[in-house]
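Asker: Structure in structure tokens, see below.
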Amino acid sequence: MPTHQVTPPLDSLVLYKTKPARVIALGEKIEIELEGGQTKRVRPKDIELLHPGPLRRLSELVPLAGELNAAWELLEGGETTLRELAELAFDDYTPVSAWAVWQQVAEGLAFVGTPDAIQVRSREVVEREQAERAAKEAAERDWREFLARLAAARPAPEDVPRLGEVERLALGQSEHSRILEALGHPQTPESAHRALIQVGHWPERHNPHPLRCGAPMADIALPVPELNEETRLDLTHLPAYAIDDEGNQDPDDALTLDGDRLWVHVADVGALVQPDSELEREARARGSNLYLPEGVVNMLPGLVTERLGLGLQEVSPALSFAMRCSADGEIQDIEIHRTWVRVTRLSYEFVEQRLNEQPFVALRAFTDRFRTRRFAQGASRLALPEVSVRVEDGRVSIRPLPRLMSRELVTDAMLMAGEAAARFCLEHEIPIPFAVQPPPDSTEESTDLASMYARRRGFKPTRLVLEPDRHASLGLEHYTRATSPLRRYSDLLVHQQLRAWLDGAPPLDRASVLERIGEAEQSAIAVRRGERLSNQHWKLVYLKENPGWKGQGVVVALEERRAVILVPELALETRLRVRDAVTLNQPLKIAVNEVDLADLSASFRLLG
């Protein structure tokens, strides 16, 4: 804008908001004509005089060839006016030449300023500006081409680093993506997930949930020390059985019946993983193994399992819990020893077929007494459907887990060891994390699917605390987790405390135990959430790849105009709008309707 205001004459050429205009009337306000014939009344300060005229029509402002480049070279580094520059470049100062010059000034490359004071830039400045503009234009062209490739769902290899921006949002590691905004998607992890599938960067099956939850996705690459020489009780003469799922890769517990005593042997992980070692700190940071349908991400290096997994070597080191069980199911005569054991590995299915044979008859009688006591003390009898979800050779398989008595036998033996460890630590004042759970609001026993569903929702999560208290769903007054140190940090911590006591060394104090529990549990929460969402993801992948799926659901809860449906064969919960009245536990024939993997949801429809 000029430093002083001059009233432009009629038919003069003026500048209005970067556009040419012709003055057609004067007064308190000035009336101007714009391109296209539109007229407007403006204040004098809103326009700038480029040429006094006369200009009869704006259409007279046609492109004009001249010697602007020669004028720039002549005036480089100096200052001029619009009139002088027009006369130098076009040998005349007319509305047409004035407009041609001003367009060059407005471009802001060789000339900048106002009509009365135009700076002529130096060659160095012009060349630098030209390079910057060329780079900007190339970047904008590259951006347009990139978006075009995404719109066509054909990203190029060089687009992979750039799409990392969208991946970070999809994984919950950032909150905004310029790319996602340009594609017209909301700034949410779910939208980023959907966009990455749509543009062809992620395959539809891609599972982002463990990373989004913050769970580790790579095994540990740390050295594993050799096993130290230490005194161990030799129990290799007693048969020991590690009973687990077929194909289990980390056997960390086994059973031995020794007359009227039960031995629960547990992999002696504390023998290799010392407190505050690199291995211990990494295990603490992870909290537990991550079990995904695609595979397992271990809390500890594979070499630890290879050396300590029960039955993986001819003779295995163990931390063994010995106990007797009274006729009323009370655990007595608890002993804990470092041992050598010789273990035979068996599957649940194998043992299920031999429960009427020894030693399984005697083992079952032993654990049944304990089980009877637990139920008498209010243990939950929930039997909700469970499935195993696996991705093998690219195929998603969902296999219902049958209710096996062999699995119950092992579960109860592990709970006995957990109660024994808790009581032993209480008696000897060894600080450990106790697993506690308050009772649900309702104490009514669950007998059908709907009541079991409601009772499970009434239970609060298990917590790890320093003060012992009741674990309601297990029906135990004192309990700690002690039988899975290869897979769960809290069990390893219990082992380290017990080993310190056995060695006559001071165990960690309460504050240190509490600190370790807190750190590990934060990680374990992320792992458990990653596992749960991953199982849901692959169940939905299965349904999407089987669009003709039909099956049976059971009504387990009623909401306003909707029914909560449990699909037993998938262990999948969904909600369904129902027109007619339905009742709890009513079976319904349903078919899959639509699956949204990014939103982690599926809709179903009723079949007639």
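Residue 274 in the UniProt record's numbering is what sits at position 274 of the sequence shown, and the numbering runs on without skipping anything.
Glycine included, each C-beta is placed from N, C-alpha and C at the ideal position.
(1) Taking DSSP as the reference, what is the three-state secondary structure of P587?
(2) Using only CA atoms, which one of R205, A563, Y479 and N248 lies nearest to A413?
(3) Flag this pair as yes or no: are the beta carbons of V343 and A417 separated by less than 8 Å?
(4) Please state the DSSP three-state secondary structure of R390.
(5) Please identify the residue among C213, A240, R141 and L147 whose C-alpha is closest to the C-alpha of G200.
(6) Do W263 and S320 have their C-beta atoms closer together than 8 Å?
(7) So, with DSSP's three-state summary, where would you put R22?
(8) Output the distance between the C-alpha atoms of L492 and W340, rounded to the nearest integer angstrom.
(9) Mind checking V6: buried by the 16 CB within 10 Å criterion, or exposed?
(10) Out of Q358, L183, R194 and E226, which one is the CA nearest neighbour of T256?
(11) Let me confirm a value: L607 is counted as buried when at least 16 other C-beta atoms fall within 10 Å, else exposed. Which label applies?
(12) Any idea which residues DSSP pairs M323 with across the strands?
(13) I need the DSSP call for Y241, collapsed to helix, strand or coil.
(14) If we call anything under 8 Å between Cβ atoms a contact, is A215 one with R261?
(15) Does the beta-carbon of N593 have 16 or more other beta-carbons within 10 angstroms, so that it is buried, or is it exposed?
(16) What are the start and end residues of the alpha helix (DSSP H) that includes L426?
(17) Is there contact here, the region 80 to 95 with the region 106 to 119, by at least three beta-carbon pairs under 8 Å?
(18) Mapping DSSP to helix, strand and coil, what is V178?
(19) Report the rounded CA-to-CA distance for R369 versus T483, giving the unit in angstroms.
(20) In terms of alpha-carbon separation, which member of E569, K589 and R575 lies closest to R562?
(21) Please report the residue range of the beta strand (DSSP E) in which A70 lies.
(22) Apart from the five residues just before and just after G270, which ones in its own chain have a Cβ nearer than 8 Å to its Cβ?
(23) So, under 8 Å CB-CB, E419 and L476 are touching, yes? Tell me the CB distance rounded to an integer number of Å.
(24) Bridge partners for A435 per DSSP, in chain order?
(25) Give me the Cα-Cα distance between R149 and L300, rounded to the nearest whole angstrom.
(26) Roughly how many whole angstroms lie between the Cα atoms of W538 and N207?
(27) Output the distance between the C-alpha atoms of Q249 and L180, rounded to the nearest integer angstrom.
(28) When we look at the beta-carbon of S122 and count the other beta-carbons within 10 Å, is it buried (16 or more) or exposed?
Answerer: Put simply:
(1) For the purposes of this step, residue 587 is taken as the residue at position 587 of the sequence shown. Strand.
(2) Residue mapping note: residue 413 aligns to position 413 of the sequence shown, counting from 1. Per the Cα distances, Y479.
(3) On the sequence shown, residue 343 is found 343 positions in, with the first residue counted as 1. On the sequence shown, residue 417 is found 417 positions in, with the first residue counted as 1. Against a cut-off of 8 Å, the Cβ pair of A417 and V343 comes out as no contact.
(4) Counting from 1 along the sequence shown, the entry for residue 390 is found at position 390. Correct three-state label for R390: strand.
(5) What you label residue 200 is simply residue 200 of the sequence shown in a count that begins at 1. Closest option to G200, judged by alpha-carbon separation, among C213, A240, R141 and L147: L147.
(6) The residue you call residue 263 lines up with position 263 of the sequence shown. The residue you call residue 320 lines up with position 320 of the sequence shown. For W263 and S320, yes; Cβs fall inside 8 Å.
(7) The count along the sequence shown starts at 1 and reaches residue 22 at position 22. DSSP, reduced to helix, strand and coil, places R22 within a strand of the structure shown.
(8) In the sequence shown, the residue the question calls residue 492 occupies position 492. In the sequence shown, the residue the question calls residue 340 occupies position 340. If I take the Cα positions, the gap works out to 19 Å.
(9) Indexing the sequence shown from 1 puts residue 6 at position 6. The residue in question, V6, is exposed, as its Cβ has fewer than 16 Cβ neighbours within 10 Å.
(10) The count along the sequence shown starts at 1 and reaches residue 256 at position 256. Nearest C-alpha to T256: Q358.
(11) In the sequence shown, the residue the question calls residue 607 occupies position 607. Classification of L607: exposed, given that the 10 Å Cβ count is below 16.
(12) On the sequence shown, residue 323 is found 323 positions in, with the first residue counted as 1. Per DSSP, L262.
(13) Here residue 241 refers to the residue found at position 241 of the sequence shown. Strand at Y241.
(14) Residue mapping note: residue 215 aligns to position 215 of the sequence shown, counting from 1. Residue mapping note: residue 261 aligns to position 261 of the sequence shown, counting from 1. No. Outside cutoff.
(15) In the sequence shown, counting from the first residue as 1, residue 593 sits at position 593. Its Cβ having fewer than 16 others within 10 Å, N593 is exposed.
(16) Counted from its first residue, the sequence shown places residue 426 at position 426. In the DSSP assignment, L426 falls within the alpha helix (DSSP H) that extends over M405 to E427.
(17) Segments in contact, yes.
(18) Counting from one through the sequence shown, the residue named residue 178 turns up at place 178. Here residue 178 is Arg; the residue named in the question, Val, does not match the sequence. It is helical.
(19) Locating residue 369 in the sequence shown gives position 369, where the first residue counts as 1. Locating residue 483 in the sequence shown gives position 483, where the first residue counts as 1. Rounded to the nearest angstrom, the two C-alpha atoms are 20 Å apart.
(20) Here the question's residue 562 lines up with position 562 in the sequence shown. If we check each option's Cα against that of R562, R575 comes out closest.
(21) Working through the sequence shown from its first residue, we reach residue 70 at position 70. Counting along the chain, A70 falls outside any beta strand (DSSP E), though it belongs to the alpha helix (DSSP H) covering L68 to L75.
(22) Residue 270 sits at position 270 when you count from the first residue of the sequence shown. Excluding residues within five positions, the ones whose Cβ falls inside 8 Å are L319, P485, L492, H495, Q496, L498 and R499.
(23) Translated into positions along the sequence shown, residue 419 becomes position 419. Translated into positions along the sequence shown, residue 476 becomes position 476. Between L476 and E419 the Cβ distance is about 5 Å, and since that is below 8 Å, they are a contact.
(24) For the purposes of this step, residue 435 is identified with residue 435 of the sequence shown, where counting begins at 1. Looking at the DSSP assignment, A435 forms a beta bridge with L464.
(25) By one-based count along the sequence shown, residue 149 stands at place 149. By one-based count along the sequence shown, residue 300 stands at place 300. Those two C-alpha atoms are separated by around 43 Å.
(26) As a position in the sequence shown, residue 538 is number 538, starting the count at 1. As a position in the sequence shown, residue 207 is number 207, starting the count at 1. Approximately 8 Å, taken between the alpha carbons.
(27) As a first step, residue 249 must be located in the sequence shown, where it is residue number 249. As a first step, residue 180 must be located in the sequence shown, where it is residue number 180. Rounded to the nearest whole angstrom, the C-alpha separation of Q249 and L180 is 42 Å.
(28) By 1-based counting over the sequence shown, the position of residue 122 is 122. Counting Cβ neighbours within 10 Å, S122 comes out exposed, since fewer than 16 surround it.
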